[in-house]
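S.K.:
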Ligand code: F6P
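Numbering (full-length UniProt numbering), first residue to last: 1 to 332.
1) If you follow the alpha helix (DSSP H) that residue 273 is in, where does it begin and where does it stop?
2) Bridge partners of residue 296, per DSSP?
3) Helix, strand or coil for residue 184? Go by DSSP, reduced to three states.
4) Can we count residue 116 as close to the ligand F6P, meaning its CB is less than 6 Å from some heavy atom?
5) So is the beta-carbon of residue 258 under 6 Å away from any non-hydrogen atom of the ligand F6P?
6) Tell me the DSSP secondary structure of residue 255 in three-state form.
7) Per DSSP, residue 40 forms a beta bridge with which residues?
8) Looking at chain B, is there any beta carbon in it that lies within less than 7 Å of the beta carbon of residue 51?
9) Rounded to whole angstroms, what's the CA-CA distance from residue 199 to residue 98? Just pull it up for me.
10) For residue 260, which residues of its own chain have a beta-carbon under 6 Å away from its beta-carbon, when the five flanking residues on both sides are left out?
11) Could you name each continuous beta strand (DSSP E) segment of 3 residues or more that falls completely within the stretch 77-109, going from the start of the chain to the end?
12) Check the C-beta distance from residue 378 over to residue 131 and give it rounded, since I have them as a contact under 8 Å.
13) When every heavy atom of the ligand F6P is checked, does at least one fall within less than 6 Å of the C-beta of residue 273?
14) Cβ-heavy atom distance between residue 263 and the ligand F6P below 6 Å?
15) Quick check on residue 43: buried or exposed, where buried means 16 or more other Cβ atoms within 10 Å of its Cβ?
16) Count the CB pairs spanning the stretch 173-187 and the stretch 269-279 that are closer than 8 Å, and state whether there are at least three.
17) In the DSSP assignment, the beta strand (DSSP E) including residue 172 goes from what residue to what residue?
18) Below 7 Å between beta carbons: does that hold for residue 273 and residue 144?
19) Can you tell which of 312, 205, 107 and 197 has the C-alpha that lies nearest to the C-alpha of residue 325?
20) Closest by CA to residue 136, which one among 117, 287, 299 and 295?
21) Is residue 179 near the ligand F6P, judged by its Cβ being under 6 Å from some heavy atom?
22) Considering just the uninterrupted stretch of the alpha helix (DSSP H) at residue 209, what are its terminal residues?
23) Leaving out five residues before and five after residue 2 in sequence, what residues of the same chain have Cβ atoms less than 8 Å from its Cβ?
24) Exposed or buried, which one is residue 164 when buried takes at least 16 other CB atoms within 10 Å?
25) Using 10 angstroms around the beta-carbon of residue 166, count the other beta-carbons present and answer buried if the total reaches 16, otherwise exposed.
26) My output table needs one value for residue 1: the three-state DSSP class, helix, strand or coil.
27) Taking buried to mean at least 16 other C-beta atoms within 10 Å of its own C-beta, is residue 12 buried or exposed?
28) Take the Cβ of residue 218 as the centre, count every other Cβ of all protein chains shown within 10 Å, and call the residue buried at 16 or more, exposed below.
29) Relative to the alpha-carbon of residue 229, which residue among 250, 286 and 134 has its alpha-carbon at the smallest distance?
30) Who are the Cβ neighbours of residue 75 in its own chain at under 6 Å, not counting the five residues just before and after it?
31) Determine the contact status of residue 106 and residue 128, defining contact as a CB-CB distance below 7 Å.
32) Can you list, in chain order, the residues of its chain whose CB lies under 6 Å from that of residue 46, leaving out five sequence neighbours each side?
33) Over what stretch of residues does the beta strand (DSSP E) that includes residue 334 continue unbroken?
34) Does the pairing of the stretch 106-120 with the stretch 309-321 give three or more beta-carbon distances under 8 Å?
35) Per DSSP, what kind of secondary structure is residue 228 in: helix, strand or coil?
Below, the structure is given as structure tokens:
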């Protein structure tokens with residue numbers, strides 16, 4: 001057991017994710033309720049290591065985090081910071097916090113950010129990570145903050161694409177984010193009744209995709225939806241090009257490619273992500289209050305749990321493939 005933290009800082013790092021603001025609010029207000037001072041670090045690790053005169057680390061009051069819970073993105077700003085791989089650079093960040101009397105840090109972010117958190121922990125800083133990424137690929141949490149909102153944005157977009165695809169009797173080949181994890185693609189594909197879902201974890205070659213589209217045409221459908229994870233063997237454009245070149249006669253539908261891209265990161269946080277942000281943020285402060293750190297706060301089932309950062313970093317949570325079969329059975 002360590003001494004209780006008396007002043008803490010919070011930062012958001014890596015790709016922004018809806019719900020981060022609720023988490024910032026929960027961390028801030030839960031810490032204030034303990035009588036601690038709270039600092040917000042702007043622009044992730046880049047702000048942490050910036051020269052103090054740049055003013056990237058500033059005190060937060062309860063009012064500073066008012067009116068933000070319904071906003072997507074992060075009011076603290078975020079960044080990907082390559083320099084942070086260097087231990088001497090990280091030491092600068094720790095020194096910046098020490099100069100303000102800050103003895104603990106909450107890191108809201110995904111894989112790369114939690115690797116940074118673990119490295120800081122190994123250098124002696126009390127750190128608690130909070131599982132947040134739209135990719136939902138982080139070990140230690142069944143679902144990560146922001147994934148639900150991103151999936152909802154993508155589902156909404158695909159629902160709209162289906163309307164125009166039907167009008168023109170087209171196949172829509174839609175690429176969704178997720179880095180090397182197929183969680184978003186699978187979730188969106190199942191929720192939109194896609195004819196085919198192409199995942200990094202389960203390769204579906206152009207021939208099989210062509211077969212699924214052709215079968216939709218033969219069944220009299222007026223559209224076909226193919227969801228492609230950005231980390232799959234072929235991205236949406238490459239897949240469409242192969243379908244056009246090698247399977248045109250079989251496919252018959254006219255085809256259009258849509259890459260949803262960063263729009264998936266800009267949604268208004270869903271109720272699920274707001275609750276998750278609140279619960280994980282409050283739990284991060286509970287951890288520091290009882291001297292627990294070097295851990296990631298996440299959700300298992302409906303329970304907020306902690307996992308040592310050492311067991312989280314460098315891993316990708318495996319994707320359960322049972323839903324792939326269900327999606328295929330239902331897309332008839
Ligand atoms: O990790 C979240 C994510 O949105 C991935 O799905 C995507 O591959 C990546 O970030 C995009 O990163 P950037 O915002 O740096 O372009």
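By construction, the Cβ of each residue, glycine as well, lies at the ideal position given by its N, Cα and C atoms.
Just so it is clear, the structure is predicted and the values come from calculations on it, not from any experiment.
M.R.: The short version:
1) For the purposes of this step, residue 273 is taken as the residue at position 273 of the chain shown. It spans 271-289 - the alpha helix (DSSP H) in which residue 273 sits, taken as one unbroken run.
2) Here residue 296 refers to the residue found at position 296 of the chain shown. Looking at the DSSP output, residue 296 bridges to 129 and 307.
3) Translated into positions along the chain shown, residue 184 becomes position 184. In the structure shown, residue 184 falls within a helical segment according to DSSP collapsed to helix, strand and coil.
4) To locate residue 116, count along the chain shown from 1; it is residue 116. Proximity of the beta carbon of residue 116 to the ligand F6P is not indicated: no heavy atom of the ligand is located closer than 6 Å.
5) Along the chain shown, one-based indexing puts residue 258 at 258. No, since every heavy atom of the ligand F6P falls outside the 6 Å radius drawn around the Cβ of residue 258.
6) As a working note, residue 255 is residue 255 in the chain shown. Strand at residue 255.
7) Translated into the one-based positions of the chain shown, residue 40 becomes position 40. Its beta-bridge partners are 10 and 58.
8) Included in the structure is just one protein chain, with no chain B present.
9) Along the chain shown, read from residue 1 onward, the residue named residue 199 stands at position 199. Along the chain shown, read from residue 1 onward, the residue named residue 98 stands at position 98. So the alpha carbons of these two residues sit roughly 45 Å apart.
10) Here the question's residue 260 lines up with position 260 in the chain shown. 154, 157 and 176.
11) The stretch 77-109 contains these whole beta strand (DSSP E) runs: 104-109.
12) Outside the shown range of the chain, which is 1 to 332, sits residue 378, and nothing can be said about it.
13) Residue mapping note: residue 273 aligns to position 273 of the chain shown, counting from 1. No; taking the cut-off as 6 Å, the Cβ of residue 273 has no heavy atom of the ligand F6P nearer than that.
14) The residue given as residue 263 occupies position 263 in the chain shown. Using a cutoff of 6 Å, the CB of residue 263 does not count as near the ligand F6P, since none of the ligand's heavy atoms is closer than that.
15) Within the chain shown, the letter at position 43 stands for residue 43. Buried is the call here.
16) Judged by pairs of C-beta atoms under 8 Å, the stretch 173-187 does not touch the stretch 269-279, as fewer than three such pairs exist.
17) Stepping through the chain shown from its first residue, residue 172 is reached at position 172. Bounds of the beta strand (DSSP E) holding residue 172 are 170-176.
18) The sequence position of residue 273 within the chain shown is 273, counting from 1. The sequence position of residue 144 within the chain shown is 144, counting from 1. Judged by beta-carbon spacing, residue 144 lies beyond the 7 Å limit of residue 273, meaning their Cβ atoms are not closer than that value.
19) In the chain shown, the residue the question calls residue 325 occupies position 325. Proximity to residue 325 across 312, 205, 107 and 197 peaks at 197, based on C-alpha coordinates.
20) As a working mapping, residue 136 is identified with position 136 in the chain shown. For residue 136, the nearest C-alpha among the options comes from 299.
21) Within the chain shown, residue 179 is the residue found at index 179, counting from 1. Checking the 6 Å criterion, the Cβ of residue 179 is within range of a heavy atom belonging to the ligand F6P.
22) In the chain shown, the residue the question calls residue 209 occupies position 209. DSSP places residue 209 in the uninterrupted alpha helix (DSSP H) bounded by 206-218.
23) Here the question's residue 2 lines up with position 2 in the chain shown. Because the pLDDT at residue 2 is just 46, under 50, the model does not fix this residue reliably, and the point stays unresolved.
24) Locating residue 164 in the chain shown gives position 164, where the first residue counts as 1. Taking all protein chains shown into account, residue 164 has fewer than 16 neighbouring C-beta atoms within 10 Å of its C-beta and is therefore exposed.
25) Taking the first residue of the chain shown as position 1, residue 166 is located at position 166. That one is exposed.
26) To locate residue 1, count along the chain shown from 1; it is residue 1. Here the model assigns residue 1 a pLDDT of 38, short of 50, so the residue's position is not dependable and the matter cannot be decided.
27) Locating residue 12 in the chain shown gives position 12, where the first residue counts as 1. Buried.
28) Taking the first residue of the chain shown as position 1, residue 218 is located at position 218. That one is exposed.
29) What you label residue 229 is simply residue 229 of the chain shown in a count that begins at 1. 134 is the residue among 250, 286 and 134 whose C-alpha sits nearest the C-alpha of residue 229.
30) The residue given as residue 75 occupies position 75 in the chain shown. Cβ-Cβ distances below 6 Å link residue 75 to 21 and 68 in the same chain, with the five nearest sequence neighbours on each side left out; the list follows chain order.
31) By 1-based counting over the chain shown, the position of residue 106 is 106. By 1-based counting over the chain shown, the position of residue 128 is 128. Yes, the Cβ-Cβ distance between residue 106 and residue 128 is below 7 Å.
32) Residue numbering aside, residue 46 sits at position 46 when the chain shown is read from its first letter. Contacts found: 79 and 81.
33) Only positions 1 to 332 of the chain appear in this structure, which leaves residue 334 out of reach.
34) Between the stretch 106-120 and the stretch 309-321, the count of C-beta pairs closer than 8 Å reaches three or more; the two stretches touch.
35) Taking the chain shown and counting its residues from 1, the one referred to as residue 228 is at position 228. If DSSP states are grouped into helix, strand and coil, residue 228 belongs with the strands.
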